[in-house]
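Asker: In the working numbering, the protein residues as written are 40 to 161.
Handing you this structure, nothing more for now.
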Amino acid sequence: MSAPIEFDVKYVPESPVVTVQATGITDTALSVKVTDLDLQQVIFHPKTPLSDVLSGLVNDLAGRAPSIVKNKVTALTPDIPIGKPIGCDIPIGGATVHVKLTSPELAAHGDMLMISGNADVS
């Protein structure tokens with residue numbers, strides 16, 4: 040039987056923040072670029088006697104984690120799937136009018152992200 044090595048992991052800040060910049064949009068996905076990761080520290084707190092013995096070494100290694108992770112994720116350009124085309128259904132009387140945004144384009148309006156395009160009404 041072997042002794043367990045267990046740690047509780049704490050992040051500083053507690054909930055790291057990933058900042059992204061929208062770079063493009065299609066009918067099926069929003070393209071983004073990761074521009075920053077706010078992760079300052081990763082700290083391992085020992086939960087067992089053996090992990091207590093190893094905590095110095097583990098935390099020395101964990102001290103490098105924020106910069107390694109930040110370097111790996113910054114500049115990634117994932118596509119975020121859009122569940123369905125941008126649009127809405129408007130009930131009018133006993134019928135429903137479907138409005139769908141076609142040829143979506145990204146823009147800015149002040150400090151807000153704006154998506155514009157042509158409306159297809161059916």
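All residues carry an ideal CB built from backbone N, CA and C; glycine is no exception.
Just so you know, these numbers come straight off a predicted model, no measurement behind them.
Write down the C-beta distance between residue 140 and residue 114 rounded to the nearest angstrom, noting that I regard them as a contact closer than 8 angstroms.
Answerer: Rounded, the Cβ-Cβ distance is 29 angstroms, inconsistent with contact.
Asker: Got a sec? Which residues, its chain only, sit under 7 angstroms from residue 47 by beta carbon, not counting five neighbours each side?
Answerer: Once the five neighbours on either side are set aside, the close Cβ partners of residue 47 are 84, 86.
Asker: Could you check the C-alpha separation between residue 96 and residue 55 for me, to the nearest Å?
Answerer: Roughly 24 angstroms separates the two Cα atoms.
Asker: Quick one: grab the DSSP three-state call for residue 102.
Answerer: It is coil, neither helix nor strand.
Asker: Run through the DSSP bridge pairs and tell me what residue 110 is partnered with.
Answerer: None; residue 110 has no bridge partner.
Asker: Near residue 89, what residues of its chain come up, given a Cβ to Cβ distance below 6 angstroms and the 5 sequence neighbours on each side ignored?
Answerer: Closer than 6 angstroms at the Cβ level, and outside the excluded window around residue 89, lie 42, 44.
Asker: May I ask you to report which of helix, strand or coil DSSP gives residue 126?
Answerer: In the structure shown, residue 126 sits in a strand (DSSP, three-state: E or B).
Asker: In whole angstroms, give me the CA-to-CA distance for residue 118 and residue 70.
Answerer: Computed Cα separation, rounded: 4 angstroms.
Asker: Helix, strand or coil for residue 143 per DSSP?
Answerer: Note: residue 143 maps to strand in three-state DSSP.
Asker: So, at 6 angstroms on beta carbons, what are the nonlocal neighbours of residue 112 in its own chain, with the 5 sequence-adjacent residues on each side left out?
Answerer: Closer than 6 angstroms at Cβ, skipping near neighbours: 73, 76.
Asker: Can you give me the C-alpha to C-alpha distance between residue 12 and residue 116, rounded to a whole angstrom?
Answerer: An answer regarding residue 12 cannot be provided, because it is not within the stretch 40 to 161 covered by the chain.
Asker: Given a threshold of 16 other Cβ atoms within 10 Å of its Cβ, counted over all protein chains shown, does residue 78 qualify as buried or as exposed?
Answerer: The residue is buried, with at least 16 neighbouring Cβ atoms inside 10 Å.
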